[in-house]
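A short worksheet on the structure shown next.
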Amino acid sequence: MIPDDLSAALAAVREQRPDVRLDVRWHHSVPSTMDEASALAGAGAAHGLVVGADQQTAGRGRRGRVWESPIGAGLYFSLIARPALQSNAALPLLTLAAGVGVRDGIRAALGLTSHLKWPNDVLIDGRKLAGILAEGLAVGTPAQAVVIGVGLNLQSAAYPPDVAARATSLEGELGRPIDRGTVLAEVLVGLWDRLATLERSPGDILQAWRAASPNATGTRVEWDGRTGTTAGIDESGALLVRTTSGVERVIAGEVSWPAFARP
Ligand code: BTN
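Quick note: the sequence shown uses my numbering, first residue 506, plus one each step.
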């Protein structure tokens, strides 16, 4: 059963965008919407199905981290993506497309401009507003799907106090309560549209991502104990870093952005 505030906002967006599949399953509390969505994807659920929850008891982030998910303080949902890609070479661009889509949705809902940090954190003034986790299922088979999980801070209660200096929330940015339904609906439209862009024209996703990520160029970073300066992303979505021994491609591992991240 979808809560009233969400169903009203979804209905309003459905009127304007009947082409977007807004098939949302909502739970009060689940361990992780990733697991719920993966189970549905495994059972054949269609592109665009969304599983969300008011609260997660075992929310997870990238690199095995915990994603705190207290009740009502954030949006927590996972979308099943089965894009008709021209080739699986575009698969790594899916998380970039998701970042662009979430950013678009936030702007459409609230007029707030955010930035992207490689690979797919959504930031305002260097503080993390939302995180995206992509998990592939049966990759390389006809049943292939990617579950895209989004955790978006509505209130500061969404994140633990020890990351407060590096995190932000929509209510914190705007200084007023916000309608989570409108944010959810617009973010889903943003994701839908950017996945469609990825199917049609992967180069447009690269272009949109680059425009949304000023720090992907000319910013000092550290990774795996090494340092360098960002030099954009390549056609496969890898981060390029200029070091004393040349330009390197970073495809995995954590990159820290000393000049960018807050303490
Ligand atoms: C990150 O580490 O930045 C990614 C965080 C992704 C969190 C979301 S919340 C909804 C979905 N369910 C999860 O367990 N994780 C993702």
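Beta carbons: idealized from backbone N, C-alpha and C, even for Gly.
Residue pairing for G733: DSSP places it in a beta bridge opposite V726. With distances taken between CA atoms, L584 lies nearest to A550 out of H533, G564, A550. With contacts defined by Cβ atoms closer than 7 Å, L621 and R567 do not form a contacting pair. Judged by DSSP secondary structure, G616 falls outside any alpha helix (DSSP H); it is assigned neither H nor E. Remark: the shortest separation between the CB of R565 and any heavy atom of ligand 1 falls under 6 Å.
Excluding five sequence positions before and after V627, the CB atoms of its chain that fall closer than 8 Å to its own CB belong to G604, V607, R608, I611, S619, H620, L621, K633, L634, A635, G636, I637, L657, given in chain order.
Relative to ligand 1, the nearest heavy atom lies less than 6 Å away from the CB of Y581. By the neighbour-count criterion, in which a residue is buried when 16 or more other Cβ atoms sit within 10 angstroms of its Cβ, A544 is exposed. Take the alpha-carbon of N625 and the one of L744: they are about 11 Å apart.
Straight-line spacing of the CA atoms in V755 and A650 works out to 24 Å. For W531, the uninterrupted beta strand (DSSP E) run begins and ends at 529-535, by DSSP.
The alpha-carbon of E676 is positioned some 8 Å away from that of S661.
The DSSP-derived three-state label of T687 is helix. Taken atom to atom, the span from the alpha-carbon of E704 to that of E640 is near 18 Å. Assignment of beta strand (DSSP E) within the stretch 515-600, counting only whole runs of 3 or more residues, yields 529-535, 555-561, 579-586 in chain order. Taken through DSSP and simplified to helix, strand or coil, G695 comes out as helix. For G656, the uninterrupted beta strand (DSSP E) run begins and ends at 650-658, by DSSP.
At least one heavy atom of ligand 1 sits closer than 6 Å to the Cβ of M539.
A contact between stretches requires three or more CB pairs, one per stretch, nearer than 8 Å, and the stretch 642-649 fails this requirement with the stretch 731-745. In the structure shown, the three-state DSSP call for G636 is strand. Counted as a single uninterrupted DSSP element, the beta strand (DSSP E) harbouring G751 occupies residues 751-755.
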